[in-house]
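Numbering (numbering that gives the first Met the number 0), first residue to last: 0 to 341.
Step one of this worksheet: look at the structure below.
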Amino acid sequence: MRRLIFFLIVLVLTGGPSLAQTGEKRPDRQREEAERRAYEARLAAHPFAQRPPQTPEDLRSIPKKDRPDLAAEQDFLLTMDPATGTIPAEQLWEVNRAVTEYRQGRHGGEVVTTAWEERGPSNVAGRTRAIMFDPNDPTARKVWAGGVDGGLWYTNDITATPIVWTPVNDFWANLAVSAIAYDPTNPQVLYVGTGEGWFNADAVRGAGIFQSADGGATWTRLASTNTSAFHYVQKISVHPLTGDVYAATHAGLYRSQDDGATWASVFSGRMADIAIASTGRIYVAAGIFSDGSIWSSTTGNPGSFTRITTGTNGFPGTGIQRIEIALAPTDPNVLYAVAQST
Numbered sequence: 000m001r002r003l004i005f006f007l008i009v010l011v012l013t014g015g016p017s018l019a020q021t022g023e024k025r026p027d028r029q030r031e032e033a034e035r036r037a038y039e040a041r042l043a044a045h046p047f048a049q050r051p052p053q054t055p056e057d058l059r060s061i062p063k064k065d066r067p068d069l070a071a072e073q074d075f076l077l078t079m080d081p082a083t084g085t086i087p088a089e090q091l092w093e094v095n096r097a098v099t100e101y102r103q104g105r106h107g108g109e110v111v112t113t114a115w116e117e118r119g120p121s122n123v124a125g126r127t128r129a130i131m132f133d134p135n136d137p138t139a140r141k142v143w144a145g146g147v148d149g150g151l152w153y154t155n156d157i158t159a160t161p162i163v164w165t166p167v168n169d170f171w172a173n174l175a176v177s178a179i180a181y182d183p184t185n186p187q188v189l190y191v192g193t194g195e196g197w198f199n200a201d202a203v204r205g206a207g208i209f210q211s212a213d214g215g216a217t218w219t220r221l222a223s224t225n226t227s228a229f230h231y232v233q234k235i236s237v238h239p240l241t242g243d244v245y246a247a248t249h250a251g252l253y254r255s256q257d258d259g260a261t262w263a264s265v266f267s268g269r270m271a272d273i274a275i276a277s278t279g280r281i282y283v284a285a286g287i288f289s290d291g292s293i294w295s296s297t298t299g300n301p302g303s304f305t306r307i308t309t310g311t312n313g314f315p316g317t318g319i320q321r322i323e324i325a326l327a328p329t330d331p332n333v334l335y336a337v338a339q340s341t
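Take a look at the structure:
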């Protein structure tokens, strides 16, 4: 009896047999294995893995310079989140902040002073979907431009030969810039939208809307746009009379009446473009890979938009998808539209 009691006491004091001794798996190990199996299943079901098998001879016969898709696939697999199967572009801002803090020694690390010098090529441009003359330059020579996978750039003199373009910083090179706008009521306030939302195969997801309150010297991401509704921002426009900010996105038309602190949906659907006349009338183009149409509103409030492409006034009512619009600078009543037919 004494030996049995002693054995029970030992079990209590030592916590009994370990998980390793019993052959049981720790909860964290079980979770890791479940995540690994889910990741393997996701890879197996991905379109990259659904191509017909090719022999080594088939692969050798394909000119490698004609297969940029293979590099894109590798980059996708290296950067995607295993838990979601998507590239979390919206997390870039937080990663950049953490790296910047580390470089500044805020976490006890050494200050990094590595300097980089561009070695080219300097004559190759990607898809530039946004461009804007700086409203704060009295000479009208400074220009901002955004690439859909190359970030935000500026030149202080668009008339120079050769023109010198400067990136805002190395972080911006990771962003897909799709829209640039400024506040006519306060030209020091600039906005940049991110995300290429045309459903092209090489489209890059965005990370929300960025704002500068000092004419582009410094930038910060609007926390209110760190949501899926702002993964693809097609266009940003600021009301010339009220200063309200409008964003045309994949998820709809959004309006902010507090400089981007909060947003409200005012029109649903995939928005392709927006233009606001000097009179305050708002025009918006809806439809991307769906029925395209143009709507207008004098207030921008939900339920106030009226369709102006009816099919009976010179613009097709059907058979149109992507539409981009522009207002004549000399006459706010003249609207231009270019459209893609189905």
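Even for Gly, the Cβ is constructed at its ideal location relative to N, Cα and C.
Element boundaries [beta strand (DSSP E), containing residue i]
i, result
"ALA180", "176-182"
"ASP272", "270-275"
"ASP330", "330-340"
"PHE209", "208-211"
"TYR253", "251-255"
"GLN187", "185-193"
"TRP197", "Run containing TRP197: none; DSSP gives neither H nor E here."
"GLY150", "150-154"
"SER289", "From DSSP, SER289 is part of no beta strand (DSSP E); its letter is neither H nor E."
"PHE266", "263-267"
Span of the alpha helix (DSSP H), counted from its first residue to its last, around residue i
i, result
"TRP411", "Residue 411 falls outside the range modelled here, since the chain spans only 0 to 341, and no answer is possible."
"LEU69", "67-78"
Reduced DSSP category for residue i - H, G, I as helix; E, B as strand; rest coil
i, result
"ARG36", "helix"
"PRO46", "helix"
"GLU116", "coil"
"THR224", "helix"
"ASN173", "helix"
"ARG25", "coil"
"ARG132", "Here residue 132 is Phe; the residue named in the question, Arg, does not match the sequence. Looking at PHE132 - three-state DSSP - the assignment turns out to be strand."
"LEU58", "helix"
"PHE342", "There is simply no residue 342 to check, as the chain begins at 0 and stops at 341 in what is shown."
"ARG2", "For ARG2, the predicted model reports a pLDDT of 42, less than 50, meaning its position is unreliable and no value from the coordinates is stated."
"ARG280", "coil"
"ARG126", "coil"
"ALA139", "coil"
"ARG306", "strand"
"THR13", "Unreliable placement is indicated for THR13, whose pLDDT of 40 sits below 50; no coordinate value is reported for it."
"ARG321", "strand"
"ALA159", "coil"
"ALA247", "strand"
"ALA88", "helix"
Whole-angstrom distance between residue j and residue i, CA atom to CA atom
i, j, result
"ALA43", "GLN49", "8 Å"
"ASN199", "VAL147", "12 Å"
"ASN155", "ASN312", "44 Å"
"THR138", "THR158", "11 Å"
"PRO51", "ASP57", "11 Å"
"VAL88", "PHE304", "The question names Val, but residue 88 in the sequence shown is Ala. Using only the alpha carbons, I get a separation of about 32 Å."
"ILE8", "ALA228", "In this prediction, ILE8 scores a pLDDT of 33, lower than 50, which makes its location untrustworthy; no coordinate-derived value is stated."
"PHE47", "TYR282", "40 Å"
"ALA250", "MET270", "7 Å"
"LEU252", "THR160", "40 Å"
"ILE130", "HIS45", "36 Å"
"GLN29", "THR83", "19 Å"
"ILE307", "VAL237", "22 Å"
"THR127", "ASP27", "46 Å"
"ILE162", "ARG220", "29 Å"
"GLU31", "GLY299", "49 Å"
"GLN103", "VAL167", "19 Å"
"ALA178", "SER295", "21 Å"
"GLN233", "THR248", "5 Å"
"ASP74", "THR309", "44 Å"
"LYS141", "PRO62", "42 Å"
"ALA263", "ASP133", "28 Å"
Supposed close pair residue i, residue j - CB separation, criterion 8 Å
i, j, result
"ALA175", "GLY205", "5 Å"
"ALA276", "PRO331", "4 Å"
"GLY259", "GLN210", "6 Å"
"ALA284", "ILE324", "5 Å"
"ILE287", "ALA246", "Not quite, the Cβ-Cβ distance comes to about 15 Å (not below 8 Å), so this is no contact."
"ASN225", "LEU91", "Wrong, their Cβ atoms sit about 11 Å apart, outside the cutoff."
Beta-carbon spacing of residue i, residue j below 9 Å
i, j, result
"TRP218", "ASP169", "no"
"GLY268", "SER289", "yes"
"TRP171", "LEU189", "no"
"ASP182", "VAL244", "yes"
"PRO328", "GLY279", "no"
"THR193", "SER223", "no"
"ALA334", "ILE293", "Reading off the sequence shown, one finds Leu at residue 334, where the question assumed Ala. Contact flag set, yes."
"PRO301", "VAL337", "no"
"ASN185", "GLY149", "no"
"GLY318", "THR341", "yes"
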